[in-house]
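Engineer: In my numbering, each residue's number is its place in the sequence shown (first place is 1) plus 24.
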Amino acid sequence: MERALARVKLTLPDAWQFDTTVTVRIGDINYGGHLGNDAVLSLVHEARLQYFKSLGYSEIDIEGIGIVLADAVVVYRAEAFHGDALRVRVGLGDFNAYGFDMFYHLENPAADKEIARVKTGIVFFDYQTRKIAPIPAAFIQRAGLAELVAAAAKESA
Numbered sequence: 025m026e027r028a029l030a031r032v033k034l035t036l037p038d039a040w041q042f043d044t045t046v047t048v049r050i051g052d053i054n055y056g057g058h059l060g061n062d063a064v065l066s067l068v069h070e071a072r073l074q075y076f077k078s079l080g081y082s083e084i085d086i087e088g089i090g091i092v093l094a095d096a097v098v099v100y101r102a103e104a105f106h107g108d109a110l111r112v113r114v115g116l117g118d119f120n121a122y123g124f125d126m127f128y129h130l131e132n133p134a135a136d137k138e139i140a141r142v143k144t145g146i147v148f149f150d151y152q153t154r155k156i157a158p159i160p161a162a163f164i165q166r167a168g169l170a171e172l173v174a175a176a177a178k179e180s181a
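1) Once the 5 residues before and after residue 104 are set aside, which same chain residues still bring their CB inside 7 Å of it?
2) Between residue 69 and residue 181, what straight-line distance do the alpha-carbon atoms span, to the nearest angstrom?
3) Could you tell me whether the region 91-105 touches the region 37-45, using the rule of 3 or more Cβ pairs below 8 Å?
4) Is there contact here, the region 113-131 with the region 78-89, by at least three beta-carbon pairs under 8 Å?
5) Checking the sheet assignment: what are the DSSP bridge partners for residue 66?
6) Report back the beta-carbon spacing between residue 93 and residue 144 to the nearest angstrom; my notes put them in contact at under 8 Å.
7) Jot down the residue ranges of each uninterrupted beta strand (DSSP E) in the region 131-180, minimum 3 residues, whole runs only, in chain order.
Here's what the structure looks like:
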């Protein structure tokens with residue numbers, strides 16, 4: 025009996041907090057001549073870095089606390105090639121006391137193609153004590169996330 029391979033499904037959020045463009049670099053291209061699977065995580069890392077920078081933060085200093093990635097999910101939808109300018113939208117959701125999920129939607133507007141959907145689990149981490157830390161309240165306020173965090177708290181109650 026043949027069984028179909030299970031596929032990961034990734035539902036994107038209804039709202040996005042950030043939008044940027046990243047260009048596919050030659051180092052992102054694999055032996056197949058297209059965007060390598062590993063390079064997708066590198067491109068969303070760049071988008072994540074730009075998001076935090078737009079708020080005046082870095083990944084190791086968000087109100088004195090850093091972040092680490094707990095997990096990643098990537099759903100590949102279409103090829104991208106060297107020089108393609110990809111639109112990357114960034115959204116946050118699934119909040120808990122110590123972190124949230126960041127969602128990324130990669131599209132090639134020139135080719136009208138969805139390239140990938142990505143989710144990374146973000147956990148706040150105090151690099152001084154080497155322990156996880158609560159989401160800084162000042163970050164929630166600066167990023168305009170109070171309503172999303174409150175809604176997540178209601179859902180989990």
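A virtual CB, placed ideally from N, CA and C, is assigned to each residue, including glycine.
Structural biologist: Reading from the atomic positions:
1) Residue 104 sits at position 80 when you count from the first residue of the sequence shown. So the list reads 48, 58, 59, 110, 132 and 139, once near-sequence residues are dropped.
2) What you label residue 69 is simply residue 45 of the sequence shown in a count that begins at 1. What you label residue 181 is simply residue 157 of the sequence shown in a count that begins at 1. One Cα belongs to residue 69, the other to residue 181, and the distance between them is close to 32 Å.
3) no
4) With a cut-off of 8 Å, the region 78-89 and the region 113-131 do not count as touching, because too few Cβ pairs lie within range.
5) Here residue 66 corresponds to residue number 42 of the sequence shown, with the count starting at 1. Note: residue 66 sits in no beta bridge, so no partner.
6) In the sequence shown, counting from the first residue as 1, residue 93 sits at position 69. In the sequence shown, counting from the first residue as 1, residue 144 sits at position 120. That pair is a contact at about 5 Å.
7) 137-150
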